[in-house]
Structures are given as C-alpha cells and as structure tokens.
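Just below is one structure, and these are the notes that go with it.
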Amino acid sequence: MGVAGSGKSTVALALARRYGHVFLDADDFHSAEAKSLMSRGFALTDAQRVPWVERLAYELRKRADNGDSTVLAFSGLRAAHRQRLRDSGVPIRFVHLQATPSVIAARLAARSDHFMPVHMLGSQLDALQSPCVEPDVIVIDVDISPAQVLERVISSLARP
Numbered sequence: 001m002g003v004a005g006s007g008k009s010t011v012a013l014a015l016a017r018r019y020g021h022v023f024l025d026a027d028d029f030h031s032a033e034a035k036s037l038m039s040r041g042f043a044l045t046d047a048q049r050v051p052w053v054e055r056l057a058y059e060l061r062k063r064a065d066n067g068d069s070t071v072l073a074f075s076g077l078r079a080a081h082r083q084r085l086r087d088s089g090v091p092i093r094f095v096h097l098q099a100t101p102s103v104i105a106a107r108l109a110a111r112s113d114h115f116m117p118v119h120m121l122g123s124q125l126d127a128l129q130s131p132c133v134e135p136d137v138i139v140i141d142v143d144i145s146p147a148q149v150l151e152r153v154i155s156s157l158a159r160p
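In case it helps, our numbering puts the sequence shown at residues 1 to 160.
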C-alpha cells in the first residue's frame with residue numbers, strides 16, 4: 001500500500017512471482033469513470049472509492065475461497081478502506097511503501113504508462129491516513145532499489 005509512485009505494483013508483482021501467488025493490481029478494479037476523473041486531475045471522493053473497495057474485498061474473498069493466496073497492489077490511503085479489506089475475512093497483512101514526496105514525485109514524472117498525473121500526488125498525500133499504529137501494517141522505506149525493497153518486505157513478512 002502507499003501513494004502513487006511508491007512502487008506498489010512493482011513490489012507486489014515481484015512478491016507474487018517469488019511465492020507463486022496471484023497478483024492483483026487495485027488500479028484494474030477502478031471504474032472507467034474513476035480512471036477518467038483521476039487522469040484529468042480530479043481526486044476521487046470517499047463515496048466514489050467505496051464501490052472500488054467493495055470490488056477488491058469481493059475479489060480477495062473469492063480468491064481465498066478458491067484456495068489462492070493473493071498479493072494486492074492497493075493504495076490503502078484511508079483507514080476505512082484497509083478495515084473493509086480486513087472485514088472480508090481473508091487473512092491479510094499490509095506493507096506500507098513510503099518515501100519522501102520528492103522521491104515519489106520523481107518516480108511519477110519518470111513514468112508515462114499510468115493514468116495518475118504527477119500533480120495528483122499532493123491529494124494522495126493529503127488523503128493518506130497513516131497506518132503506522134495498525135498492528136498488521138509493516139512500514140518499508142522505498143528510497144532504495146526495487147530489489148532491496150523486495151528483500152526488506154520478504155524479511156519483514158517472515159517475522160510474526
């Protein structure tokens with residue numbers, strides 16, 4: 001979890017591949033309307049995010065019921081959204097990927113294949129409700145290479 005540009009998709013995909021788990025990117029569950037709004041520079045409201053979070057919770061539950069372990073790249077900016085995923089009944093741990101705003105902005109500026117424009121970073125940082133006090137959240141600083149981040153994530157997840 002983390003703001004756009006924190007490396008969620010990169011790290012989640014690598015983690016899923018490492019363990020043979022299913023990889024899901026929460027961006028794929030946004031409606032076309034939501035993606036259009038964000039690509040035009042409009043932040044989604046909490047009400048606009050609710051159906052998206054519900055789709056994610058449903059998909060995680062469905063995958064778990066089929067015996068699949070899943071790694072989800074998910075912003076998780078709002079505490080209520082994280083709680084909704086917990087309430088799905090699926091065993092879950094969150095990994096919060098964080099970096100300085102300047103590092104994130106540079107990453108966003110360097111990519112061209114995503115609907116989230118760089119100037120939306122401020123709204124994401126404003127929307128982020130810190131998960132640091134939540135017991136099932138691991139915080140990883142990502143001012144390092146993706147390979148190093150992956151190793152830190154794996155090491156942290158191995159701890160109870």
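Note that beta-carbon positions come from the ideal geometry of N, C-alpha and C, so glycine has one too.
With 16 other CB atoms within 10 Å as the buried threshold, where does A39 fall? Position check: residue 39 holds Ser in this sequence, whereas Ala was assumed. When all chains shown are included, S39 counts as exposed.
Contiguous beta strand (DSSP E) assignments of at least 3 residues, all confined to the stretch 89-146: 94-98 and 137-141
Below 9 Å between beta carbons: does that hold for L128 and V3? Yes. Within cutoff.
Nearest CA to the CA of R61: which residue from I92, A80 and A34? I92
How would you call L125, buried or exposed, if buried means at least 16 neighbouring beta carbons within 10 angstroms? exposed
By the DSSP assignment, the beta strand (DSSP E) with V71 in it spans what residues? T70 to A73
Our contact map puts A12 next to V71 with C-beta atoms below 8 Å; I'd like the distance itself, whole angstroms only. Confirmed, Cβ separation roughly 5 Å.
Between the alpha carbons of D87 and T10, how many angstroms are there, rounded? Just so you know, the alpha carbons of D87 and T10 end up roughly 26 Å apart.
With DSSP run on the structure shown, which of helix, strand or coil describes F23? strand
For T45 and L121, what's the separation of their Cα atoms in angstroms? 15 Å
Can you tell me which of the three DSSP states A4 falls into? In this structure, DSSP gives A4 a state outside helix and strand, which the three-state scheme calls coil.
Compare the beta carbon distance of R84 and V53 with 9 Å and say whether it is the shorter of the two. yes
Going straight from the alpha carbon of M1 to that of H81, what length do you get? So the alpha carbons of these two residues sit roughly 11 Å apart.
DSSP three-state label for R84, please. helix
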